[in-house]
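Peer 1: To convert, count from 1 in the sequence shown and add 139; that's my numbering. The structure's right below; bear with me while I get my questions together.
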Amino acid sequence: MLSSSARTLRRLLAAAATLTVVVGLAGAAPAAATGRDGDGTQPLPGYTIENPPLAPLLVGGKPTTVRQGVHRHAGYIIEIPARWNGDLVMWAHGYRGQEKVLTTETPGFGLRERLLQQGYAWAASSYDRNGFDIRSGVLATKDLADHFARTVKRPHRTYLAGVSMGGYIIARSLEQYPGYYDGALPMCGVLGDQTLLDFFLDYNLVAQALAGVPAYPTPADYLTNAVPRIQTALGLAGLTPTGPDTLNDRGKQLRAITINRSGGPRPGATAAFAVWKDFLFSISVSSAGDSPAERPGQLSTNLLTRYAPNAPVDVNAIVQRVAPENLRQRLLPTLTEVPRVAGRPSAPVLSLHDLGDLFVPFSMEQTYAQDVARHGRSRLLVQRAIRAAQHCEFTPAEAGAAWDDLVSWVRTGERPAGDTVTDPAAVAAAGYGCRFSDRAAYAAGVGTRRLYAAC
Numbered sequence: 140m141l142s143s144s145a146r147t148l149r150r151l152l153a154a155a156a157t158l159t160v161v162v163g164l165a166g167a168a169p170a171a172a173t174g175r176d177g178d179g180t181q182p183l184p185g186y187t188i189e190n191p192p193l194a195p196l197l198v199g200g201k202p203t204t205v206r207q208g209v210h211r212h213a214g215y216i217i218e219i220p221a222r223w224n225g226d227l228v229m230w231a232h233g234y235r236g237q238e239k240v241l242t243t244e245t246p247g248f249g250l251r252e253r254l255l256q257q258g259y260a261w262a263a264s265s266y267d268r269n270g271f272d273i274r275s276g277v278l279a280t281k282d283l284a285d286h287f288a289r290t291v292k293r294p295h296r297t298y299l300a301g302v303s304m305g306g307y308i309i310a311r312s313l314e315q316y317p318g319y320y321d322g323a324l325p326m327c328g329v330l331g332d333q334t335l336l337d338f339f340l341d342y343n344l345v346a347q348a349l350a351g352v353p354a355y356p357t358p359a360d361y362l363t364n365a366v367p368r369i370q371t372a373l374g375l376a377g378l379t380p381t382g383p384d385t386l387n388d389r390g391k392q393l394r395a396i397t398i399n400r401s402g403g404p405r406p407g408a409t410a411a412f413a414v415w416k417d418f419l420f421s422i423s424v425s426s427a428g429d430s431p432a433e434r435p436g437q438l439s440t441n442l443l444t445r446y447a448p449n450a451p452v453d454v455n456a457i458v459q460r461v462a463p464e465n466l467r468q469r470l471l472p473t474l475t476e477v478p479r480v481a482g483r484p485s486a487p488v489l490s491l492h493d494l495g496d497l498f499v500p501f502s503m504e505q506t507y508a509q510d511v512a513r514h515g516r517s518r519l520l521v522q523r524a525i526r527a528a529q530h531c532e533f534t535p536a537e538a539g540a541a542w543d544d545l546v547s548w549v550r551t552g553e554r555p556a557g558d559t560v561t562d563p564a565a566v567a568a569a570g571y572g573c574r575f576s577d578r579a580a581y582a583a584g585v586g587t588r589r590l591y592a593a594c
């Protein structure tokens, strides 16, 4: 799991960083304030907004009302059914890369239709900038919710839902604005905050160490020079999810370490490694700028990480150790571009996560569950594992059931069922993830479902 070493690092380095943090807090205004003056009806300098007209849906024979525009430099969509129940759902989108085009999106996995049919209004922001900028997402989502309250009507309840980086935005929003949101549905979310960046670093440094190809910081030709040599040295090149195991002993050690660092032994983990083993090299490469949102890898570290298994190669003795390049940003408790998530949800949270996802690994759920438990708030968290290997690979049935159960929880106070994520034996069981996975999707062979045994 990812949490222990990263949290220990924070404790060990906090004293040394105190002076830096205090000076920074006293002397710097939040960067989010930049560009938030004026009327906000234009994007920030360098950005453009793509927000093409969204056709209304017919709900109960009546068209929805769609409103689109720009608010505080971010594009937005608001959609309201004719028979609105008075509640609002804020949709938080995922990572958009470093492009300078801001885009909006509708709730996925059939949720747009489901929400409107159930009487909910929804709203989604493009955020005012791209990159791995959690602060922008947190502020833009809250700004849009306030804009809805002023221009439509103050909702009875306000929910959060979203995917991937949007899950990070959701987790921090619940802590940034306690009491503002009434419930949350993060899916495939980065709930373990900066420890995701540690996982990406782990994979590349361990692979380099096992292959005997040192290449950190990654050079410009990393993907065309170093990575092919690493793949050949470890037997990665010919590995596929359903083909023969081409890994040699050192390649198998990399696989085992990756499985342990991404959530531990669990159904489908071997096949999922084959799905993601090439992508995890590419995620370490960045030619963007110097801010954490542009180059989040500057926050990653493996200083205190102990890798297992540590044989046949004593990888803990030979792996390159990397301190956070931007220690101050890593330790700040304030709302930064890549902030910390303490694990203090202020409303019910029901999350979904694919077992084999290695872009945002299942360990994110474990880290969050541990943090939430440490703050005595486990009663506010329900987590569900889905037997699939891609990122955000959910069916409308899975997302819809989670949404319905969250709403029922908020309204009645009755906590719905979920999966245990922090018990290694439970996670490793052959049937783990079956309870909430869509069996019809398995029967139809949808996506990566058949990489898992039938439930």
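Where is the CB? At the ideal position from N, CA and C, for every residue including glycine.
Less than 6 angstroms between C-beta atoms, sequence neighbours within five positions excluded: which residues of the same chain meet that for Ala310?
Peer 2: Closer than 6 angstroms at the Cβ level, and outside the excluded window around Ala310, lie Leu330, Val480.
Peer 1: Classify Ser264 as helix, strand or coil using the three-state DSSP reduction.
Peer 2: Three-state DSSP puts Ser264 in a strand.
Peer 1: Whose C-beta lies closer than 6 angstroms to the C-beta of Gly270 among residues of the same chain, with five residues either side of it excluded?
Peer 2: Same-chain partners within the cutoff: Gln237, Ala432, Glu433.
Peer 1: So, are the CB atoms of Ala524 and Thr587 less than 8 angstroms apart?
Peer 2: Cβ distance not < 8 angstroms, so Ala524 and Thr587 don't count as in contact.
Peer 1: Between Arg574 and the rest of its own chain, which residues show a CB-CB distance below 6 angstroms, the 5 nearest in sequence each way excluded?
Peer 2: Contacts found: none.
Peer 1: Taking the alpha-carbon positions, what's the Tyr361 to Asp577 distance?
Peer 2: Cα to Cα, the separation comes out at about 39 angstroms.
Peer 1: Helix, strand or coil for Thr242? Go by DSSP, reduced to three states.
Peer 2: Three-state result, Thr242: strand.
Peer 1: Which complete beta strand (DSSP E) runs does the stretch 262-331 hold, if anything under 3 residues is left out?
Peer 2: Runs found: 297-302, 322-326.
Peer 1: Write down every uninterrupted run of the alpha helix (DSSP H) in the stretch 388-474 whose length is 4 residues or greater and which is fully enclosed by it, in chain order.
Peer 2: Runs of the alpha helix (DSSP H) inside the stretch 388-474: 388-400, 408-415, 418-421, 454-457, 466-470.
Peer 1: Give a yes or no on whether 8 angstroms exceeds the smallest Cβ distance from Gln257 to chain B.
Peer 2: This model lacks chain B altogether; it includes just one protein chain.
Peer 1: Taking the alpha carbon of Leu375 as the point to measure from, which residue in Ala354, Ala350, Pro356 has its own alpha carbon closest?
Peer 2: Considering only alpha carbons, the answer is Ala350.
Peer 1: Flag this pair as touching only if the stretch 286-297 and the stretch 453-470 have three or more C-beta atom pairs under 8 angstroms; answer yes or no.
Peer 2: They do not touch, by the three-pair rule.
Peer 1: Could you check where the beta strand (DSSP E) with Ala206 kicks off and where it finishes?
Peer 2: The residue you asked about is not Ala; residue 206 is Arg in the sequence shown. Residues 204-210.
Peer 1: Under a Cβ-count criterion, where at least 16 other Cβ atoms within 10 Å of its own Cβ denotes burial, should Ser401 be classed as buried or exposed?
Peer 2: When all chains shown are included, Ser401 counts as buried.
Peer 1: Mind checking who Tyr215 pairs with in its DSSP beta bridge?
Peer 2: Tyr215 is bridged to Gly208, Ser264.
Peer 1: Is any heavy atom of the ligand FAD found at a distance shorter than 7 angstroms from the C-beta of Thr475?
Peer 2: The ligand FAD is absent from the structure shown, which contains no ligand whatsoever.
Peer 1: Rank Gly225, Ala231, Leu278 by C-alpha distance to the C-alpha of Thr475 and give the top, closest one.
Peer 2: Selected option, being the one with the closest Cα: Leu278.
Peer 1: When we look at the beta-carbon of Gly185 and count the other beta-carbons within 10 Å, is it buried (16 or more) or exposed?
Peer 2: By the neighbour-count rule (16 or more Cβ atoms within 10 Å), Gly185 is not buried but exposed.
Peer 1: Could you please give me the residues that DSSP links to Leu489 through a beta bridge?
Peer 2: In the DSSP output, where bridge partners are listed per residue, Leu489 has Val521.
Peer 1: Once you ignore the five residues that flank Arg518 on each side, which residues in its own chain have a CB closer than 8 angstroms to its CB?
Peer 2: Once the five neighbours on either side are set aside, the close Cβ partners of Arg518 are Arg554.
Peer 1: Look at Pro404 and Ile398 and say whether their C-beta atoms are less than 8 angstroms apart.
Peer 2: Yes, the Cβ-Cβ distance between Pro404 and Ile398 is below 8 angstroms.
Peer 1: Return the first residue and the last residue of the alpha helix (DSSP H) that Leu362 is part of.
Peer 2: Premise fails: Leu362 is in no alpha helix (DSSP H) and is neither H nor E.
Peer 1: Please list, in chain order, all residues of the same chain as Thr440 whose beta carbon is under 8 angstroms from its beta carbon, the five residues on each side excluded.
Peer 2: Cβ within range, chain order: Ala145, Leu148, Asp337, Leu340, Val461, Ala462, Pro463, Arg469.
Peer 1: DSSP three-state call for Ser142: helix, strand or coil?
Peer 2: Confidence is the limiting factor: at Ser142 the pLDDT is only 43, short of 50, which leaves the residue's position unreliable, though a coordinate-based value still follows. Ser142: helix per DSSP, three-state reduction.
Peer 1: Report the rounded CA-to-CA distance for Ala595 versus Glu504, giving the unit in angstroms.
Peer 2: Absent from the model: residue 595. The displayed extent of the chain is 140 to 594, so no value can be given.
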